[in-house]
Amino acid sequence: MKLGDTVPLKALYTLEPKVWWQYFKSESFSFKMICLYLFVEYVRPQLILPWLDILPWAKLFVLGALVGLLVEKNEKWVYSPINKWMVLFFISILWSSLTAYKPEVSYEKIVLYFNWFITYFLITNIVRSPQRFLFFLAIICLASFKISLSLTNTWAKRGFAFTDWGLKGPPGFFENSGELAIQMAVFWPIGLAVALALRPYVPAWKYWILMLMPTTACIVILGASSRGGQLAMAIQFVIRFFKKIFNFKALFAIIFVVTMGWYFLPEEQKQRFNEAGDDKTSQQRLNYWEAGYEMMNDYPLTGVGYFNFPEYFSDNYSHMLLVTFVELPHNIFIQVGADLGYPGLIIYLMAIYSSISMLYKSRKQNISKVIAVFPCALFLSFLGFLIAGQFVSVVYYPFMWIHFALCSSLYHIANQKVTNQRKAN
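Everything in the sequence shown is counted per my numbering, starting at -19 for the first residue and increasing by one.
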């Protein structure tokens, strides 16, 4: 029996803290390290409590996970269709950096992707059982819920009033309102899936606490003043409940939720939607996209260089600048295509396609009742990222790379169960 298997999967469904702690203690060193890494990356306790900020915790935990993975005999290399795209994307970044408009800019930023490259392979090869998957996902949910609950309270104390900066998250990846809204769009479908899947196993009071996860996440999206995040949530909502609109009770609930959402949306935010395409922010983004498309066509094989978009735009498209300084292109596909050229963009798109295909295949497998809800939830979560990503530059934020790792882990778990069933027969 492997480490961690001493605690049955169903025992975790009850959400009893003692059971979860017992499970965590029984797990391998590498799993403990990757969980601690995720905790410090998402929660950032070292920034909340400055006295903790004495060591590079994230790097130390990643190193610990890597060492543990190499020395633990039970761990084996996990195959995933995304693996090859991660490697090819890294090669594309290196090639683009060598031929970049300003190579020194690219070299300084290579560590951004390298961190996610290492993290992806660590998660994929460590989070390889249903128990590990559920525990790992629980850390993401708890970290996101901490943010959503706190900011919902902040916005309520503000009287749900509009501010130009919207709501800001904790220092780190989710501090900006746009990135915060994306994280909530990524989080709410998973939080809803967790609540509904665990409802038969927990008392009513725990279920209603779980339901606060998607509820507060959606409230934060409304308060973040990010049009991209709000558009993503609206499309996610339609897709998630599309099959239920013909049920009278469900239709009434949907209309009620939509009405309340529109009611709480500040008038200033509604005005921003009316001005979309005409305001300075929208016009600047359109200029970025136009210039980025031209860069892709001018340098189709290599792009202008990894993270060279601002430098190249500043020197060649200054007449299209409507703000005080040049930013990234505010679109994930334009960002990749302009920086890396069409080969890099194709690799990026293939990685996205592979992740969606893996979720579809995992959904078809006979996984445990609770784990089986996550392929659809992760797809809806990823869809939120892709939609909101059309308006912000978040290619090298954790959203997609963590998602890829979760897809690979789920894919392995589903295939492993099929393999075990075949061996049993």
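For every residue, glycine included, the Cβ atom is placed at its ideal position computed from N, Cα and C.
Predicted model only: the values in this text are computed from it and were never measured.
- Comparing alpha carbon positions, the residue from S298, Q396, F313 and V174 closest to I327 is F313.
- Shown here, E(-4) sits in coil according to DSSP, grouped into three states, outside any helix or strand.
- Judged by pairs of C-beta atoms under 8 Å, the segment 215 to 224 does not touch the segment 21 to 35, as fewer than three such pairs exist.
- Sequence-distant Cβ neighbours of K344 in its own chain, meaning closer than 7 Å and more than five residues away, do not exist here.
- Counting C-beta pairs with one atom in each stretch, the segment 329 to 349 and the segment 121 to 128 have fewer than three that are closer than 8 Å, which means they do not touch.
- Of all alpha-carbon atoms in P290, Y22, Y187 and I215, the one lying nearest the alpha-carbon of F359 is that of I215.
- By the Cβ rule, the segment 153 to 169 counts as touching the segment 362 to 382, because three or more pairs are nearer than 8 Å.
- Counting along the chain, the unbroken alpha helix (DSSP H) around M213 starts and ends at R207 to R220.
- Burial state of S86 is buried, judged by a 10 Å Cβ sphere holding 16 or more other Cβ atoms.
- Bounds of the alpha helix (DSSP H) holding L92 are P83 to I106.
- The shortest C-alpha to C-alpha distance from A(-9) to any of P378, S76 and L114 is the one to L114.
- The Cβ atoms of V20 and S6 do not sit closer than 8 Å to each other.
- Annotation: the continuous alpha helix (DSSP H) that includes N267 extends over K260 to D278.
- Only exposed fits D278, as fewer than 16 other CB atoms lie within 10 angstroms of its CB.
- Taking the Cα positions, W168 is about 11 Å away from F362.
- When only Cα atoms are considered, M338 and P194 end up about 25 Å apart.
- Linking Y297 to A173 through their CA atoms gives a straight-line distance of about 46 Å.
- Relative to G369, the option among N311, E(-4) and A318 whose CA is nearest is N311.
- Pairwise C-beta distances place the segment 274 to 291 in contact with the segment 69 to 79, as three or more of them are shorter than 8 Å.
- The C-beta of A45 has 16 or more other C-beta atoms within 10 Å across all chains shown, which makes the residue buried.
- Secondary structure of S342 (DSSP, three-state): helix.
- Rounded to the nearest whole angstrom, the C-alpha separation of F94 and H392 is 23 Å.
- Annotation: P180 is outside any alpha helix (DSSP H) and is labelled neither H nor E by DSSP.
- Going by C-alpha positions, I103 is about 12 Å away from F41.
- Here DSSP, grouped into helix, strand and coil, assigns H310 to coil.
- P309 has its alpha-carbon roughly 10 Å from the corresponding atom of V316.
- Where G364 is concerned, the enclosing alpha helix (DSSP H) starts and stops at F354 to A368.
- The continuous alpha helix (DSSP H) containing Y22 extends over residues F9 to Y22.
- When Cβ pairs closer than 8 Å are counted between the two stretches, the segment 181 to 191 is seen not to touch the segment 203 to 212, the count staying below three.
- For L117 against I170, the beta-carbon gap comes to about 7 Å, under 8 Å, which counts as contact.
- When secondary structure is reduced to three states using DSSP, W188 falls in the helix class.
- Residue nearest to S348 within the set Q264, S128 and P110 is P110 (criterion: CA-CA distance).
- By the neighbour-count criterion, in which 16 or more other beta carbons inside 10 Å mark a residue as buried, L390 falls on the buried side.
- Bounds of any alpha helix (DSSP H) do not take in W31, whose DSSP letter is neither H nor E.
- For R112, the enclosing alpha helix (DSSP H) covers residues P110 to K137.
- Look at W75 here: in three-state DSSP terms it is helix.
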